Amino acid sequence: MDGFLVKDSLTVLTQNGECQIQLCLGDITRLKRKDKVDVILISAFRGDYAPTPTSVIGALLRNLKIHVRELSRDKEEDLRKLYHCWWSKPLPDDKPYNRLMCFETNLFGSRRPQELVGDVFRCLVPVLNNQDGTVITPLLNTGDQGFGRVVMLEGMVEAAVNWMKAGLPLRMLKIVLYCQGKDDDEMERIATRDFHRVLESFEELKGRYMMQDLTPKEITIDFDVYLSFSKHDAKVVDLITDKLRSNKSDVRIFDSRQVMNADSVWQQDMYEVMMHSARVITVLTPNYLQCTACVEQYNIAMCCSRKAMRNMLAPFYIEESTLPTYMTQVQYVDCRSSVTERVGEACHQIIISLSVTLKAKPQMDPSIQYDVFVSYSHADSERANHIVATLKRLNPDLRLFFDIQELKTGSAWQRTLYHSIDGTRVMLALISNKYLASAVCQEEYNLALAKHCSQSGSLKLVPMCIEDVYGVTAEFTKVKMVNAKGGNFQQAVDTTCTAVVDWLAGQDAAANGKEVFGQDEDLVINTDAVTENLRKLQFKYQHGDKSSLLRTKSTFPTALPKSLPTRPKWDKGQDEASKCDVAFSYAAEDEKYAEHLAAVLSRVKGVVVKTKAASDHERLALMDQAKHVVAFLSPHYVDCMEKSEEFNIALSRQRLSTSRILFPVQVHTLPQRPTYFHLVPFCVNAADNLWPELCSVLKVDVSMHVLERADNNISKPTELALHEAACQILLEIQRQRTIPKPPSDEVKALPTLLNVKKLQSQVDHAFTTDTDVVGEYLLSLSLNEGDSTDMKKNESKKDPPPEAATGQSEPDQTGSKQPDTCIDEPALTGSQPVSTGSNQSGDVSEEPVRTGSEEWVRTGSVEPVRTSSEEPVRTGSKPAEVQAASRQLEHMPKKENENNSRNEKEECSHSNIVRMDGTRKRTGSASCSVV
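In terms of UniProt numbering, the sequence shown opens at residue 1 and continues consecutively.
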């Protein structure tokens, strides 16, 4: 740009490409028309647009004849009440800016501009309107307003980076320092003299936020296999060594006994050895888990795998053990039922993997793409195999996600499932009683449903009903379902798979296929808007009424208790991590939020809070054993592999717990992907409009005396949200200390991802109810959601047939009754989740065929463990209820109705079931058993 000098720049990597923040020298009002930008940002005290000689407002009037006061009288949008900004209508074409946005703060008050500047970028969302844009701005609130340059620079850059990562299409932000010189050299000298602290600060910000090359450097592989084991398991290790050498005589093996007696820095030495190894085999036995050094090796191997961006870790599960939750998140090889045979098969697969060129790839790559994701319960694996075979026959080049093929040993299976669905074009979901009883299957369905119902419709969900289902909830009746039951199965598979292949190829589907792939406008849902509305309703239910956020005599914000009930006595030898009440998980960029919430919680006696872990081992132990985990979600958090690992550990624990463990606190708007972060029930979301509205109602600067006062550049709406989060956390701690914990054999797995259609139904009914108590109908939905829809009222009731009654007999604690027979599968599929399938193909009968053995038993921790190794297992399965949403409020009861397990069950009445027989379709309210 003529007359401007770009002094420094910062590149931000986002899911939409690269964005830039430039620090420039020059006069912002001397911008040439040929360098026109979309928006110019300026700042002012509230309602004060005096064109003083030293202000940008004055320079705009002198140099460009832009009257800010005149523009303010005819604003395009005024959001000052909530977000301190207004913007103008389009400026004349001869001006170098399309629009002007003014950021206003009060002359007096405790809310500092650096805390509020994020509101500027929030308001840019409607201004840019999903179009790539360029914005130019001075350092806001400096100059005549007198605020520090460094402080404002840090606030502006932090907010800009967060919003860029959240998806704001701001391709270029130009921050201009006022500087006049006859040439670049003179401007450089002036900048060095007048702005040296600002320049130093920008350099530090680059180190914090600058896009980095995340691809690891090429390293030499010195060892094929690193063997990590307990010295008490030497016999098994000798077997593994023999099997490896029988497959490859010259295999290079590093034996962990070589470093067991090293000095205090052995961890660093071990890290270096592992990083130079192709695979790390960990021999999981009770001896291994009782050895601190062995567990440390496992943790280092996880770190190496994350740093190298490839699946280095290969756990061999040899003997029944109580695995920590974070170990259950890693795909293991299950060798428990037949050690010699399974170890032999696994070692063969390890040697095969050594012949593949090692390439690093981001394990959270949002661009992962599949054409079809097959979602099914493992009890229905034979039918899933038949569908996969049909798809491959129709198009061998289809990219299929079929878990026994795609979930590799050492991968993080739960995260892999979520990210793979994010990159899938079509999901085929095989709906059965076992599917509806599986928590992980329901999470797959809920995630696909959210994408199916999004405005972009980036994924097509095609449910196929393969048997009569009972006790089905309303959210499974919203998307058109293919009738693939009994004798319809073969024809339905052929017709549906053909329609899928044609649709993927861009061809028009046959007439009956259009019923599945046609766009249904009634299904379109904005997930973030629905979840925000639900949180607002829940807040009103607790503190307000139908017409207002707060009741007349409301005591919000709630004062914290001085102390909590005495905690149970600790057992001797209890791990230190298990003594922690609250552990935090946050990105380094969000540390201020964690410190603030820790300060609030520390005001209450009897609460043990751990903000930081001293080591990687302690970090994983806290995620696995702390009573509660608070995750501070932001664009930086979801971008971080380590934080995603921590979040998934907590999610897995939550799935198998009747009490609330995970408290997600969203501190900034999140990017659209990964989608599953948007479907987790938040403790609070500081990005909700609720919090600025409350600040306005409460006249925050004078009446919010209960809040923690801290000099941490956190805005008052965010402080208010964190205070509410503290209240919810303390309430749950108090509840758990006063209510006896249920026996472990009564624990039933529950889904951790919300169903958007269920939430939409709750919000719609809450808004339309005639009662004056907001949330009353919402509460009834939580109590008895099976009776909350007209469809269910008209449903016919009868006893299920004997086969179905058997299939729905008393479930185990994971919510899934496992089949009785088993089929052998490849060794490297040991820890796959419950909705996986066999690699064996077979004849397809008219009714579902049981093809696996998946008995789960509880072994003393949150991990469900199989008693047979032939079947891959997901570490968790759960029912279809959206119970997690109601858990956000202590007084809102669970949705699970225990009476549903009685013999008298309601049969599915699916008004959208479609018969795919190639000739005709039949829809209506008849039950699935007769369609």
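All C-beta atoms, glycine included, are put in the ideal place defined by N, C-alpha and C.
Note that the structure is a prediction, hence the values are computed from the model and not measured.
Exercise. Give me whichever residues DSSP pairs with Arg279 in a beta bridge.
Key: Answer by DSSP bridge pairing, in chain order: Val225.
Practice problem: Quick one: residues in its chain with C-beta nearer than 8 Å to the C-beta of Thr566, no 5 flanking neighbours on either side, listed in chain order? | Solution: Excluding five sequence positions before and after Thr566, the CB atoms of its chain that fall closer than 8 Å to its own CB belong to Gly606 and Arg737, given in chain order.
Quiz item: To the nearest angstrom, how far is it from the Cα of Lys465 to the Cα of Leu430?
Solution: Here the sequence assigns Cys to residue 465, which means Lys is not the residue at that position. Distance between the alpha carbons of Cys465 and Leu430 is about 6 Å.
Quiz item: Can you tell me the Cα-Cα spacing of Leu398 and Asp371, whole angstroms?
Solution: Their backbone Cα atoms lie some 6 Å apart in a straight line.
Quiz item: When you compare only the Cα positions, how much space is there between Tyr586 and Phe647?
Solution: The alpha-carbon atoms of Tyr586 and Phe647 are separated by roughly 10 Å.
Self-check item: Cα-Cα separation, Glu576 to Phe4
Solution: Roughly 58 Å between the two C-alpha positions.
Practice problem: Just the C-alpha distance for His232 and Asp238, rounded to the nearest angstrom, thanks. | Solution: The straight-line gap from Cα to Cα measures roughly 12 Å.
Practice problem: Using 10 angstroms around the beta-carbon of Gly133, count the other beta-carbons present and answer buried if the total reaches 16, otherwise exposed. | Solution: Label assigned to Gly133: buried.
Practice problem: Go through its chain and collect everything with a Cβ distance to Glu443's Cβ below 6 Å, but skip five positions before and after it. | Solution: Excluding positions up to five away in sequence, the list reads Pro751 and Leu753.
Exercise. Report, in whole angstroms, the separation of the C-beta atoms of Leu100 and Leu71, which I expect to be a contact under 8 Å.
Key: Sure, about 6 Å apart at Cβ, within 8 Å.
Practice problem: Compute the beta-carbon to beta-carbon distance between Leu601 and Val582, rounded to the nearest angstrom, for a pair I have assumed lies under 8 Å. | Solution: Going by Cβ atoms, the distance from Leu601 to Val582 rounds to 6 Å, so yes, they are a contact pair.
Quiz item: Does DSSP classify Leu633 as helix, strand or coil?
Solution: Residue state, collapsed to three classes: strand.
Self-check item: Sub-8 Å separation of Ala384 and Tyr376 beta-carbons
Solution: Ala384 is a Cβ neighbour of Tyr376, given a cutoff of 8 Å.
Exercise. If I'm right that His628 touches Phe663 with Cβ under 8 Å, what's the distance once you round it to whole angstroms?
Key: That pair is a contact at about 6 Å.
Exercise. Classify Arg171 as helix, strand or coil using the three-state DSSP reduction.
Key: Strand.
Self-check item: Proximity to Val280 [Cα-Cα], best of Ala346, Cys291 and Val339
Solution: Measuring from the Cα of Val280, the nearest candidate turns out to be Ala346.
Practice problem: Output the residue ranges of the beta strand (DSSP E) runs that lie fully inside the stretch 575-659 and measure 3 residues or longer, sorted by chain position. | Solution: Under the rule that a run must span 3 or more residues, the beta strand (DSSP E) segments found entirely inside the stretch 575-659 read 582-585 and 628-633.
Quiz prompt | Candidates Val125, Val530, Ala721 and Ala499: closest to Val516 by CA position | solution = Ranked by how close their Cα comes to the Cα of Val516, the residues Val125, Val530, Ala721 and Ala499 have Ala499 in first place.
Quiz item: So what does DSSP say about Tyr83, is it helix, strand or coil?
Solution: Tyr83 falls in the helix class under three-state DSSP.
Quiz item: Under a Cβ-count criterion, where at least 16 other Cβ atoms within 10 Å of its own Cβ denotes burial, should Gln542 be classed as buried or exposed?
Solution: A residue is called buried when at least 16 other Cβ atoms come within 10 angstroms of its Cβ; Gln542 meets this threshold and is buried.
Practice problem: Please name the residue in Pro90, His386, Thr658 and Phe121 whose C-alpha comes closest to that of Ala492. | Solution: The shortest Cα separation from Ala492 among Pro90, His386, Thr658 and Phe121 belongs to His386.
Quiz item: So which of Phe316, Val198, Leu116 and Gly181 has the shortest CA-CA distance to His668?
Solution: When only C-alpha atoms are compared, the closest one is Leu116.
Exercise. Specify the secondary structure class of Ile431 as computed by DSSP and reduced to three states.
Key: Under the three-state reduction of DSSP, Ile431 is assigned to strand.
Quiz item: Just checking my contact of Val343 with Phe316 at CB under 8 Å: how many whole Å lie between their CB atoms?
Solution: Going by Cβ atoms, the distance from Val343 to Phe316 rounds to 7 Å, so yes, they are a contact pair.
Quiz item: Where DSSP assigns a beta bridge to Val516, which residues make up the other side?
Solution: The beta-bridge partner set that DSSP reports for Val516 is empty.
Self-check item: Strand pairing of Thr11, partner residues [DSSP]
Solution: Note: Thr11 is bridge-paired with Gln20 in the DSSP secondary-structure output.
Quiz item: Under 8 Å, do Met275 and Ala301 count as touching if we go by C-beta distance?
Solution: Cβ distance not < 8 Å, so Met275 and Ala301 don't count as in contact.
Quiz prompt | Per DSSP, the bridge partner or partners of Glu186 | solution = In the DSSP output, where bridge partners are listed per residue, Glu186 has none listed.
Practice problem: Thinking Tyr209 and Val176 are a contact (beta carbons under 8 Å), I'd like their distance in whole angstroms, please. | Solution: That belief does not hold up - the Cβ atoms of Tyr209 and Val176 are roughly 19 Å apart, past 8 Å.
Quiz item: With a Cβ-Cβ cutoff of 8 Å, do Leu534 and Val295 count as a contact?
Solution: Contact: no.
Quiz item: Is Lys434 close to chain C, meaning its C-beta is less than 8 Å from at least one C-beta of that chain?
Solution: Absent here is chain C; the protein component of the structure consists of one chain.
Self-check item: Of the listed residues Val426, His67 and Asp688, nearest to residue 932 (C-alpha basis)
Solution: This structure leaves residue 932 out entirely; the chain is present only between 1 and 931.
Quiz item: Does any heavy atom of the ligand COA sit closer than 7 Å to the C-beta of Ala687?
Solution: Questions concerning the ligand COA fall outside what the structure shown contains, since it holds no ligand whatsoever.
Quiz item: According to DSSP, is Arg73 helix, strand or coil?
Solution: Of the three classes helix, strand and coil, the one that applies to Arg73 here is helix, per DSSP.
Self-check item: Supposed contact pair Val135 and Leu41 - C-beta distance, whole angstroms, cut 8 Å
Solution: With a Cβ gap of about 6 Å, Leu41 and Val135 count as contacting.
Practice problem: Confirm, please, whether the CB-CB distance from Tyr418 to Pro635 is below 8 Å. | Solution: With contacts defined by Cβ atoms closer than 8 Å, Pro635 and Tyr418 do not form a contacting pair.
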